[in-house]
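Residue numbers (the working numbering): 5 to 82. Backbone N, C-alpha and C fix where the C-beta goes; we use that ideal spot for every residue, glycine too. The model shown is predicted, which means the values in this text are computed figures rather than measured ones. Report on the following structure.
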Amino acid sequence: MDTVGKIDIKKELRTLIEQENNLHVLEEIKTLLVKSSLDPNLREKLTSRALKAEEDIKAGKVYTREEFEKKLDSRLDL
Numbered sequence: 005m006d007t008v009g010k011i012d013i014k015k016e017l018r019t020l021i022e023q024e025n026n027l028h029v030l031e032e033i034k035t036l037l038v039k040s041s042l043d044p045n046l047r048e049k050l051t052s053r054a055l056k057a058e059e060d061i062k063a064g065k066v067y068t069r070e071e072f073e074k075k076l077d078s079r080l081d082l
């Protein structure tokens with residue numbers, strides 16, 4: 005990839021990160037970037053998980069905090 009292309013991608017990433025308010029998404033991005041120097045198999049798994057999470061979020065497959073707590077309480081018989 006040429007230098008101009010890299011600069012454009014970095015600019016776009018900065019903009020997208022600045023606009024993102026979901027802490028989970030930001031943490032996933034951070035993890036992906038920090039772990040990018042890991043072995044290729046682990047990197048592929050992390051990338052796959054991040055992309056799946058993005059798809060789930062776009063498809064509305066998410067829980068509110070209250071829904072999650074209720075589901076957890078139910079599983080723990082609380």
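Between Arg47 and Lys39, the C-beta gap is smaller than 8 Å, which places the two residues in contact. One thing to note: Leu36 has its Cβ no nearer than 8 Å to the Cβ of Ala63. DSSP places Glu24 in the coil class of the three-state scheme, outside both helix and strand. When DSSP states are grouped into helix, strand and coil, Thr51 belongs to the helix group.
DSSP places Leu82 outside both helix and strand once states are collapsed to three, so it counts as coil. In this structure, Ile21 and Ile11 do not form a Cβ contact; the two beta carbons are roughly 16 Å apart against a cut-off of 8 Å.
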